[in-house]
Structures are given as structure tokens and as C-alpha cells.
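S.K.: Handing you this structure, nothing more for now.
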Amino acid sequence: MAKAWLLSICYVKFKNETYKFLEKTKLDDWTVNKSIQKIRESLRVTKEEKEKILVLKRK
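-5 is the number of the first residue of the sequence shown in the working numbering; add one for each residue after it.
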């Protein structure tokens, strides 16, 4: 959970770098999906960005 929270904070500060990291990371699926959830819950992320990040969700 701490990793997911950290990634969501990084996304707010460094959108492009964090997006690229989430695309290529070898982190487990749960952590990536929880990070995406936290990013989407953030009030500091635009609606368009929330839709864009959803593409990275793993099954």
C-alpha cells in the first residue's frame, strides 16, 4: 500500500516520468492497480488524466 501511495504522489509531481514507469515496471499487479486507483481518487489529477491512466490497469 505504501508503494501505491508513493506512486500516486509521484504522479502528481512527475506525470510523464511516473506514467512511463508504470508502463514498464515489473512491480506486482496489485501494486500497479492500487497505484492507478489512488491516482484516480486524487483531486489533483484531471478527469482526462484519470481516463488516460486507466489504460495501464492490469488484469
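Ideal Cβ placement from N, Cα and C applies to all residues, glycine included.
Taking buried to mean at least 16 other C-beta atoms within 10 Å of its own C-beta, is T12 buried or exposed?
M.R.: So T12 ends up on the buried side.
S.K.: Note down the Cα distance separating K46 from A(-2), rounded to an integer number of angstroms.
M.R.: Going by the C-alpha atoms only, they are around 18 Å apart.
S.K.: Are R34 and V6 close, meaning C-beta to C-beta below 9 Å?
M.R.: No, the pair does not count as a contact, with Cβ atoms beyond the cut-off.
S.K.: Leaving out the 5 sequence neighbours to the left and right, which residues in its chain are closer than 7 Å to R52 when beta-carbon positions are compared?
M.R.: Same-chain partners within the cutoff: D23, V26, N27.
S.K.: For K53, name the three-state secondary structure that DSSP assigns.
M.R.: The answer is coil: DSSP assigns K53 none of H, G, I, E or B.
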